[in-house]
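Student: Mind having a look at this structure? Questions to follow.
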Amino acid sequence: MKKVLSLLTVMIMTAAMLVGCGSDASANTIKFGTNAEFPPFEFVTTNGVIGEFDGIDMAIAKEIGTQIGKEAVIENMEFDSLLIALQNGQIDAAIAGMTITEERKESVDFSNPYYTATQVMIVKKDSTIAKAGDMADKKIVVIQGYTGETCVQDMGYQYEAFKKGTEAILELSNGKCDVVVIDSATAQKYVKDNPDLKIVEDSDAFEAEEYAIAVKKGNTELLNQINASIDKMLADGTISELAAKYTEAE
Ligand code: ARG
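Dropping the structure here:
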């Protein structure tokens, strides 16, 4: 009986230790969800700022971690899954060049904005598309779940949605579509890598968008910490330096 009891005690203690370890580890980390298919904000590389992840957002995430005394870890997933992952507690925050929208605000809370962008059109260099209205009878490609998809939808045009920006660009380079609608900084990166393509802007058709970090609705403690960190990085020039570094680099 004594033996059984002491064995039980050992087992219970071990279990308690394991549980203890688990919560200790998560107390010292902040888990950011992203979709690392969006240069210069997040992409996968051999030696990134957080493991294999690199980009403006990844550097911001790392710095937020440092400022709140936690190690930033990245969970890479589909862009469409980020809001659900926040809601079910799989991640603490989503940092993914995510535009603040009224619809998203219904399911998550957004930090202060840290970057301003707009949708642009990427076309072949010899394209006649000069404004959004010219897309009317063209083959349009967007990325699934991005604000660019909503824009084209609202314009009432038919389109095809791809999972990744790189797939959309390949489709365009191969002449299988006429235009890709995507965020400006990412478009610049793609055009830099593909000299046969150019960017067409239309500020009348595409409004300015603000990127922010999303947290679970009601997580004001974390939101306040993130906001303090963002405000500091905006004020001391960290974010504009990062933006310059990652847009000039590759
Ligand atoms: N700004 C756009 C949006 O909020 C695109 C963001 C895509 N981000 C990414 N990490 N794949 O929908």
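Residue numbers (my numbering): 45 to 294. Each residue gets a CB set at the ideal place from its N, CA and C atoms; glycine is no exception. It should be emphasised that the depicted structure is a prediction, and the values quoted were computed from it without experimental measurement.
Could you please give the first and the last residue of the uninterrupted alpha helix (DSSP H) stretch that includes Val-235?
Tutor: As a working note, residue 235 is residue 191 in the sequence shown. Val-235 -> alpha helix (DSSP H) spans 228 to 237.
Student: Please return the same chain residues whose Cβ sits closer than 8 Å to the Cβ of Leu-241, not counting the five positions on each side in sequence.
Tutor: In the sequence shown, residue 241 corresponds to position 197, counting from 1. Ile-166, Val-167, Lys-168, Lys-169, Ile-213, Leu-216, Ser-217, Tyr-234 and Val-235.
Student: Report, in whole angstroms, the separation of the C-beta atoms of Val-244 and Ile-184, which I expect to be a contact under 8 Å.
Tutor: In the sequence shown, the residue the question calls residue 244 occupies position 200. In the sequence shown, the residue the question calls residue 184 occupies position 140. Not confirmed; about 13 Å, so no contact.
Student: Report yes if the C-beta of Ile-166 is less than 8 Å from at least one heavy atom of ligand 1; otherwise report no.
Tutor: Here residue 166 corresponds to residue number 122 of the sequence shown, with the count starting at 1. Not so, every heavy atom of ligand 1 lies at least 8 Å from the Cβ.
Student: Pull up the DSSP beta-bridge partners for Ala-138, would you.
Tutor: Indexing the sequence shown from 1 puts residue 138 at position 94. Bridge partners of Ala-138: Gly-77 and Ala-258.
Student: Below 8 Å, can you find three or more Cβ-Cβ pairs linking the region 71 to 79 to the region 96 to 109?
Tutor: They touch, by the three-pair rule.
Student: Bridge partners for Asn-369 per DSSP, in chain order?
Tutor: There is no way to answer for residue 369, as the model of the chain reaches only from 45 to 294.
Student: Hey, quick one: how far does the beta strand (DSSP E) through Asp-153 stretch, first residue to last?
Tutor: Within the sequence shown, the letter at position 109 stands for residue 153. Its beta strand (DSSP E) spans residues 152 to 154.
Student: Starting from the Cα of Thr-162, find the closest Cα among Leu-278, Gly-200 and Phe-250 and give me that residue.
Tutor: One-based indexing of the sequence shown puts residue 162 at position 118. With distances taken between Cα atoms, Thr-162 lies closest to Phe-250.
Student: Rounded to whole angstroms, what's the CA-CA distance from Glu-115 to Asp-222? Just pull it up for me.
Tutor: Within the sequence shown, residue 115 is the residue found at index 71, counting from 1. Within the sequence shown, residue 222 is the residue found at index 178, counting from 1. In a straight line, the C-alpha of Glu-115 is about 44 Å away from that of Asp-222.
Student: Under 9 Å, do Gln-269 and Ile-108 count as touching if we go by C-beta distance?
Tutor: The residue given as residue 269 occupies position 225 in the sequence shown. The residue given as residue 108 occupies position 64 in the sequence shown. For Gln-269 and Ile-108, yes; Cβs fall inside 9 Å.
Student: How many angstroms separate the CA atom of Glu-285 from the CA atom of Asp-98?
Tutor: Position 241 of the sequence shown, counted from the start, is the residue given in the question as residue 285. Position 54 of the sequence shown, counted from the start, is the residue given in the question as residue 98. Those two C-alpha atoms are separated by around 15 Å.
Student: Relative to ligand 1, is the shortest distance from any of its heavy atoms to the C-beta of Phe-123 smaller than 8 Å?
Tutor: Here residue 123 refers to the residue found at position 79 of the sequence shown. Within the cutoff, so yes.
Student: If we ignore side chains and look at the alpha-carbon of each, how far apart do Val-186 and Glu-253 end up?
Tutor: As a first step, residue 186 must be located in the sequence shown, where it is residue number 142. As a first step, residue 253 must be located in the sequence shown, where it is residue number 209. Answer to the nearest angstrom: the Cα atoms are 16 Å apart.
Student: Among Ala-80, Asn-263, Gly-177 and Ser-155, which has the Cα closest to the Cα of Val-164?
Tutor: As a first step, residue 164 must be located in the sequence shown, where it is residue number 120. Residue Gly-177 is the option with its Cα nearest to Val-164.
Student: Going by the beta-carbon positions, is the gap between Ala-180 and Glu-193 smaller than 9 Å?
Tutor: Counting from 1 along the sequence shown, the entry for residue 180 is found at position 136. Counting from 1 along the sequence shown, the entry for residue 193 is found at position 149. No. Outside cutoff.
Student: In terms of DSSP beta bridges, what is Gln-163 paired with?
Tutor: Here residue 163 refers to the residue found at position 119 of the sequence shown. According to DSSP, Gln-163 bridges with Asp-227.
Student: In terms of residue numbering, what span does the alpha helix (DSSP H) encompassing Ile-283 cover?
Tutor: Counted from its first residue, the sequence shown places residue 283 at position 239. Segment 282 to 292, the alpha helix (DSSP H) holding Ile-283.
Student: Taking DSSP as the reference, what is the three-state secondary structure of Lys-114?
Tutor: Within the sequence shown, numbered from 1, the residue matching residue 114 stands at position 70. In this structure, Lys-114 counts as coil in the three-state DSSP scheme.
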